[in-house]
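Residue numbers (the working numbering), protein chains in the order written: chain A, 124 to 390; chain B, 23 to 261. Each residue gets a CB set at the ideal place from its N, CA and C atoms; glycine is no exception. Remember, predicted model here, so these are calculated numbers, not experimental data.
Shown next as structure tokens:
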């Protein structure tokens, strides 16, 4: 009896996703219509400009895109860029969360580390890449650039999460003499998770941009960025757009996967 | 006896207590009753060590170090944990005997599991051991918070208006949870609870201490043995 009362669905669950009254097929229909609208605008712009070398047609970009998809060599290129991006994200997440927790709990440490993060946030990505080209091998430059671009975002998010931990819960844990290590794991870290997730989500797109830009300049053998450069020198904007489309799609897939795994609500 | 000696406390310009003295019996339910804003919560926070007085001191019996548990006005349970994990959090950090300060002899996992199941069974929440908090009603969540206070090996249990703003049916449920936990408590621990609700105080307390005036003083105290049909009226006059 009690169970049935307690487990009745409430009007609005905290984690409940917004559902469109149209249903799933309606949403996909709407998305398809939106895509068609944008492709039509693109085609219109292409016809207006009228020169492939400046602005390619959507058809030629899609054709190039599918040619890349079925090309084995393109996959090893994509794989290398994916590896660099994932590695950069993992390093910046680990470092950002670790430093963020430490600095969120210790204001002196925060005062020491934060200026560095402020500088990193404002440093142009191209400066980071050029410096990294002096220090590292071409394959490592994109990883370094990705880490430096994402680290301050994840760090800032984690610090905000730690500092926004409910003081009443802190008081409760202190009153019950919960050990500091347990408080860190059960309270501080858990209450920072939404902030960390939001910052990692923002970092995914930024990391792809930073890695691609660094690849264009440092030209590792297997890299999407190098192919962007080749497409530019070959005056092949359709290919350039196709590689760009691959980066956009990969970034979207990464974001979607992360949101699924972490339970983050993208809406 | 737990004694308050010459307690004084100020918040800014406002003097809450000035030379307040009181004595509370151990192993009894002592209720601090008074109007809203009089300083009831401040007083039990001073006794609990959550707040420090500007002057005076709280004297506990000398033979041991006192350890408390607290039921706050809000449940203060970790929302990302289920019922079991919330209770386990404080148990795995608790000493197994109310012993010395640095005695961190924690309960084993099996012991903790058994303690949690026993306490939840006692208050009829055994089916919700692994339920998330958002699957429970507000009253059930507050009952879990009461369970947490009773399951912890404390010498004193502090309750800061835990039944406030609950509808009458839920209040009955919570009173029932309190009585079941208290009656089955082998340690017969000292309980301090704060309320502004006279019928609630008459129902739960062994002793009622009425706080009134500015700065607040103990305007009167009532022993359960002396409760009669006029007690509520006498308390009203003091408030």
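Check, Outcome
"Inside the stretch 188 to 259 of chain B only - beta strand (DSSP E) runs reaching at least 3 residues", "212 to 217, 229 to 234 and 239 to 245"
"Span separating the alpha-carbon of residue 325 (chain A) from that of residue 276 (chain A)", "8 Å"
"Best match in A:345, A:250 and A:218 for proximity to residue 202 (chain A) [C-alpha to C-alpha]", "A:345"
"Beta-carbon proximity list for residue 224 (chain B), same chain, < 7 Å, skipping 5 on both sides", "249, 253 and 254"
"Interface residues of chain B facing residue 315 (chain A) [CB-CB closer than 9 Å]", "Going along chain B, no residue has its Cβ under 9 Å from residue 315 (chain A), so there is no contact; the nearest lies around 11 Å."
"Contact with chain A by residue 214 (chain B), beta-carbon distance below 9 Å", "no"
"Neighbour-count burial assignment, residue 138 (chain A), 16 or more Cβ in a 10 Å radius", "Below a pLDDT of 50, predicted positions are generally treated as unreliable, and residue 138 (chain A), at 42, falls in that range; the measurement from the model is reported next regardless. That one is exposed."
"Residues bridged to residue 79 (chain B) (per DSSP)", "B:27"
"Terminal residues of the alpha helix (DSSP H) in which residue 69 (chain B) lies", "62 to 70"
"Neighbour-count burial assignment, residue 222 (chain B), 16 or more Cβ in a 10 Å radius", "buried"
"Cβ-based contacts, 9 Å cut-off: residues of the stretch 270 to 293 of chain A near chain B", "289, 291 and 292"
"Delimiting residues of the beta strand (DSSP E) encompassing residue 45 (chain B)", "36 to 46"
"Residue closest to residue 210 (chain A), alpha-carbon to alpha-carbon, out of A:262, A:159 and A:161", "A:262"
"Spatial distance of residue 152 (chain B) from residue 97 (chain B) (CA atoms)", "17 Å"
"Proximity test, Cβ basis, 9 Å: residue 116 (chain B) and chain A", "yes"
"Cutoff 8 Å; reference residue 476 (chain A); Cβ partners in own chain excluding five residues on either side", "Given that chain A is displayed from residue 124 to residue 390, the structure contains no residue 476 (chain A) and the question cannot be resolved."
"Residues in the stretch 197 to 208 of chain B having any Cβ partner in chain A nearer than 9 Å", "none"
"Min CB distance residue 72 (chain B) to chain A below 9 Å", "yes"
"Cβ neighbour criterion (16 or more within 10 Å) applied to residue 193 (chain B)", "buried"
"Cβ neighbour criterion (16 or more within 10 Å) applied to residue 29 (chain B)", "buried"
"Exposure of residue 320 (chain A), with buried meaning 16 or more beta-carbon neighbours within 10 Å", "buried"
"Where residue 208 (chain B) falls, given that 16 or more other Cβ within 10 Å makes a residue buried", "exposed"
"Cβ pair residue 238 (chain B), residue 56 (chain B) closer than 9 Å", "yes"
"With 16 other Cβ atoms within 10 Å as the buried cut-off, status of residue 153 (chain A)", "exposed"
"Proximity test, Cβ basis, 9 Å: residue 46 (chain B) and chain A", "no"
"Residue 52 (chain B) and residue 220 (chain B) closer than 9 Å at C-beta", "no"
"Nearest residue (CA-CA) to residue 252 (chain A), options A:264, A:359 and A:228", "A:264"
"Three-state secondary structure (DSSP) of residue 261 (chain B)", "coil"
"Cβ of residue 100 (chain B) within 9 Å of any chain A Cβ", "yes"
"Interface flag, residue 91 (chain B) vs chain E, CB-CB below 9 Å", "Looking for chain E here will not work: the only protein chains present are A and B."
"Per DSSP, the bridge partner or partners of residue 104 (chain B)", "B:154"
"Residue 111 (chain B) and residue 100 (chain B) closer than 9 Å at C-beta", "yes"
"Test: residue 120 (chain B) CB closer than 9 Å to a CB of chain A", "A caution first: residue 120 (chain B) carries a pLDDT of 48, below 50, which makes its placement in the model unreliable, though a value can still be read off. No, residue 120 (chain B) lies away from the interface with chain A (no Cβ there is under 9 Å from its Cβ)."
"Which of helix, strand or coil DSSP assigns to residue 159 (chain B)", "coil"
"Beta-carbon spacing of residue 93 (chain B), residue 190 (chain B) below 9 Å", "no"
"Sequence-distant residues of the same chain with beta carbon closer than 6 Å to residue 120 (chain B), five excluded per side", "Bear in mind that a pLDDT of 48 at residue 120 (chain B), under 50, signals an unreliable position, so the model cannot answer this."
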